[in-house]
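*Asks:*
Residue numbers (the UniProt record's numbering), protein chains in the order written: chain E, 1 to 785; chain D, 1 to 164.
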């Protein structure tokens, strides 16, 4: 018998992990479907070109080929879509088709699809397609897009500017004039991409008799995709069935409606047979959304005691050829502005954002969207100010943290804050890392020509995003989460949830919440998710919402189901329900004696309810839906620290240690939370030191393989020490805030500040990401000259 | 024109303890053969450039990237995929440790990492730093590697203790 009290907060392993370690994961490409046609795409070799003509006659005769499909073939099946955000009417994106129609606007855009018996045969046939291209000027960099005489990224666009946005709080002029210290800095953030290890994958099948479309999809949000497939293909909502099986990583990258995936579903309808597409790594690099490309100019005014007075942030953001559907490509820039200095008291803020279209892969969501940029800019400016004032970097932060106790305030840049614990996280971090000792060692080693740096980065993470975000933009993305919880006839508990899980472990967190509330072992809780037919409607996995919102819905449903179980048990035992409780699957009486099992109660309720002395059988299933109402989102907070050594001769950076103290409210399972944080930290370290999509002047991606695009591997990564402060959010009964993006929000900032701390004896400051050895050496040289 | 797949080649090898024989085209790599012809989907394809290690299997006891080896090259060898490694029980302790420590998230890289670790556990005991070094051919996007290193280190220590 397992202890079922205290399950919330316990380090319980995930039941599904046993399947994964045995090689029994079932990812989209693992699903066997008879007669499936394999799809491969001819992708544009040019960043911008008019498609004069396409000759598919030879390809059609190639061995194994079932069909060769162009945009014109799909026009009758799929209407084009266009990203529009109601609150930002000046932002519109070109109309997008499943396959490029008349014009290709980035290198890698899918132009022709070949369906064959095998993927290899489909690829062979692609070689035989003749496309007459007329090259057009290609816009790669943000500067090229912004130039006054710039060519247009798309003939559909009036200009390349996608958004011009200003946010002001107070008058910055006088603050900067009267400040004791003003520091300025320029930042350049390279393009990155998600590099989920399982590439994008989709299997679509269309039953022409019933006109029902079934899609198995490596995706985060099945309900969003059902909505989009139905709308673009003119099908009723109920005729589209989307299933997301095991998903091998997502990180926001699998939130978009990708045109090539829309093409696969449309081809299934066109051909009336199952078809499948799995991106290979080369095409992942040129078709998965990219992220982060931005340049930021910023300055900070500080008084003589190191208190923040005013901040200016000007962000230029690169969006690529389209604004990703349906959520848009503006989030990165908007978050970079609005999350600036979110962790600190700041009276005056002036933020501007200009987002530009480019002939590059569309940008989109990647873990923590814009928040790493805001955090890096803020933390680096703080360090520069501290250095000028000769205040310790830890001290300047400690003096400025946003108030911890208020329930619903806003940062200067407009971020809603609630019940923070930055000061407590800060104190805990310094103790955990033994900050004083590291500073002493640093000073001693500098005498020996060893340059070590200690970098701090406090952060706010936006989590548990509710309906206010996309609802007000009139984007049809659900932001509530639902749970349908039932007592099965077997005595088991079935928990159908709108949340999806791509490895976060959310399903285990739900099992713990339901298990503790009902007094049953997590093994007794069956999870149903990732299927639009059997799971309830709701958002799925994005913006660190799963446990915070889906967990609250599950908790509320579990409390109601417990009421029904105890009412039935009470009637059987001739006892008052409130005198009974459930422990380890047993109904226990007031004296603490087990009387019945839940299975007994279930059997009586489902098979012999006529024998129960009750007027009505209480419900055996409850559906609860939760969306935050008083807050647009929850915020988590915390602080991270990096300890690095910079080789001043080689420019190489070695990470010696990394620490995180995080407050995500009630921790449901530290085993899950710690790995979420560590995974995010490693992604942030990758951003800071390794990852970048390198484009040449013709907007050709030059590093489209994993051999050329560097990702963090085990040997370069440090041990990552994680500790928690728990401040439950009062908006929910559960008290959990999100944690999915915490690691990524501040890790790159901690690396930036650590590297610059190490370089401070040279007076050098790095200004671009990734911080390559070449850049470090350039900065040292520049400082010397 | 001729079929680019070309002529077929007869191969035979031991896969997870059972003899398999097949006629394959020269261009098919071992990873595709294992997944598509043999239906063993525990081996995952990640990069097809030999960087990510998701497709690692063991061949004659050594971990090998099945995307960098042609199926014809496996002729006459002993190949173990995650299904075979599981069935034989030789890494049961490691698998248990991965589960207990949540040393995996999406699980996609896990079979390849276990194949690498299986070879590691056959060799001399390694320091934490050397475990990281030996793991540096396996990309994991979800975890921070920390728990994976913990799990391998713990099993290595336990096996050394049991052997002494």
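Glycine residues also receive a C-beta, built at the ideal position from the N, C-alpha and C atoms.
(1) What's the call for residue 6/E, buried or exposed, on a 16-neighbour Cβ count within 10 Å?
(2) Counting only the same chain and skipping the five closest in sequence on each side, list residues whose C-beta sits under 6 Å from that of residue 654/E.
(3) List, in chain order, every chain E residue whose beta-carbon is nearer than 7 Å to that of residue 16/D.
(4) Within the 9 Å Cβ cut-off, does residue 689/E reach chain D?
(5) Under a Cβ-count criterion, where at least 16 other Cβ atoms within 10 Å of its own Cβ denotes burial, should residue 160/D be classed as buried or exposed?
(6) Quick check on DSSP: helix, strand or coil for residue 467/E?
(7) Please go through the segment 281-321 of chain E and give each complete beta strand (DSSP E) segment of 3 or more residues, from N-terminal end onward.
(8) Would residue 505/E count as contacting chain D if we go by Cβ distances under 9 Å?
(9) For a minimum of 4 consecutive residues, which ranges assigned as the alpha helix (DSSP H) are wholly contained in the segment 602-648 of chain E?
(10) Counting only Cβ pairs nearer than 9 Å, list the residues of chain D close to residue 25/E.
(11) Is residue 158/E near the ligand GDP, in the sense that its beta carbon is under 8 Å from a heavy atom of that ligand?
(12) At the 9 Å Cβ level, is residue 681/E part of the contact set with chain D, yes or no?
(13) Which parts of the segment 236-290 of chain E are runs of the beta strand (DSSP E), unbroken and 3 residues or longer, counting only runs that do not cross its ends?
(14) What's the gap between the Cα of residue 88/D and the Cα of residue 82/D?
(15) Taking 8 Å as the limit between beta carbons, can you name the residues of its chain near residue 2/D, skipping five residues before and five after?
(16) Round the Cβ separation of residue 729/E and residue 504/E to the nearest angstrom and send it over; I've been treating them as touching at under 8 Å.
(17) Expressed to the nearest angstrom, what Euclidean distance is found between the alpha-carbon atoms of residue 1/E and residue 584/E?
(18) Which residues does DSSP pair with residue 768/E in a beta bridge?
(19) Within 10 angstroms of its Cβ, does residue 269/E collect 16 or more other Cβ (buried), or is it exposed?
(20) Grab me the residues of residue 7/D's own chain with a C-beta within less than 8 Å of its C-beta, minus the 5 sequence neighbours each way, in chain order.
(21) With 7 Å as the limit, tell me which residues of the segment 193-223 of chain E have their beta carbon closer than that to any beta carbon of chain D; keep them in chain order.
(22) Starting from residue 483/E, trace the beta strand (DSSP E) in both directions and tell me its first and last residue.
(23) For the alpha helix (DSSP H) holding residue 126/E, just list the boundary residues, first then last.
(24) Buried or exposed for residue 610/E, going by 16 or more other Cβ atoms inside 10 Å?
(25) Between residue 454/E and residue 757/E, what straight-line distance do the alpha-carbon atoms span, to the nearest angstrom?
(26) Would you check if the distance between the CB atom of residue 232/E and the CB atom of residue 699/E is smaller than 9 Å?
(27) Can you find a CB in chain E that lies within less than 9 Å of the CB of residue 28/D?
(28) Mind checking if residue 251/E is an interface residue toward chain D, Cβ cutoff 9 Å exclusive?
(29) What residue range is occupied by the uninterrupted beta strand (DSSP E) comprising residue 734/E?
(30) Could you tell me the boundaries of the beta strand (DSSP E) in which residue 331/E lies?
(31) Within the segment 102-163 of chain E, note down every full alpha helix (DSSP H) run reaching 4 residues or more, in order along the chain.
(32) With DSSP run on the structure shown, which of helix, strand or coil describes residue 2/D?
(33) For residue 685/E, tell me which candidate among 643/E, 76/E, 25/E has the shortest Cα-Cα distance.
(34) Under 8 Å by Cβ, that's how I've got residue 412/E and residue 309/E pegged, so tell me the actual separation to the nearest angstrom.
(35) Using a cut-off of 7 Å between C-beta atoms, extract the partners of residue 100/D located in chain E.
*Replies:* Concretely, from the data shown:
(1) With fewer than 16 other Cβ atoms within 10 Å, it is exposed.
(2) 645
(3) Under the 7 Å cutoff, chain E gives no residues; its nearest Cβ is about 11 Å from residue 16/D.
(4) no
(5) So residue 160/D ends up on the exposed side.
(6) coil
(7) 294-302, 308-320
(8) yes
(9) none
(10) 41, 42, 44, 106, 107, 108, 110, 111
(11) The ligand GDP is not part of this structure, which contains no ligands at all.
(12) yes
(13) As for any beta strand (DSSP E) of minimum length 3 sitting wholly inside the segment 236-290 of chain E, the runs are 240-243, 275-278, ordered along the chain.
(14) 10 Å
(15) A caution first: residue 2/D carries a pLDDT of 46, below 50, which makes its placement in the model too unreliable to give a value.
(16) About 19 Å separates the two Cβ atoms, so there is no contact after all.
(17) Caution is warranted here: a pLDDT of 41 is assigned to residue 1/E, below 50, making its placement in the model unreliable, and the coordinate value is therefore given only provisionally. Residue 1/E and residue 584/E: Cα-Cα distance of roughly 7 Å.
(18) Partner(s): 188/E.
(19) buried
(20) 25, 26
(21) 195, 196, 197, 198
(22) 481-487
(23) 119-126
(24) exposed
(25) 6 Å
(26) no
(27) yes
(28) Yes, its Cβ sits closer than 9 Å to a Cβ of chain D.
(29) That residue, residue 734/E, is in no beta strand (DSSP E); it is neither H nor E in DSSP.
(30) Not the beta strand (DSSP E): residue 331/E falls in the alpha helix (DSSP H), residues 331-338.
(31) 119-126, 142-146
(32) For residue 2/D, the predicted structure reports a pLDDT of 46, less than 50, and the residue's modelled location is therefore unreliable. A value from the coordinates is still provided. Looking at residue 2/D - three-state DSSP - the assignment turns out to be coil, as it is neither helix nor strand.
(33) 643/E
(34) Wrong, their Cβ atoms sit about 11 Å apart, outside the cutoff.
(35) 13
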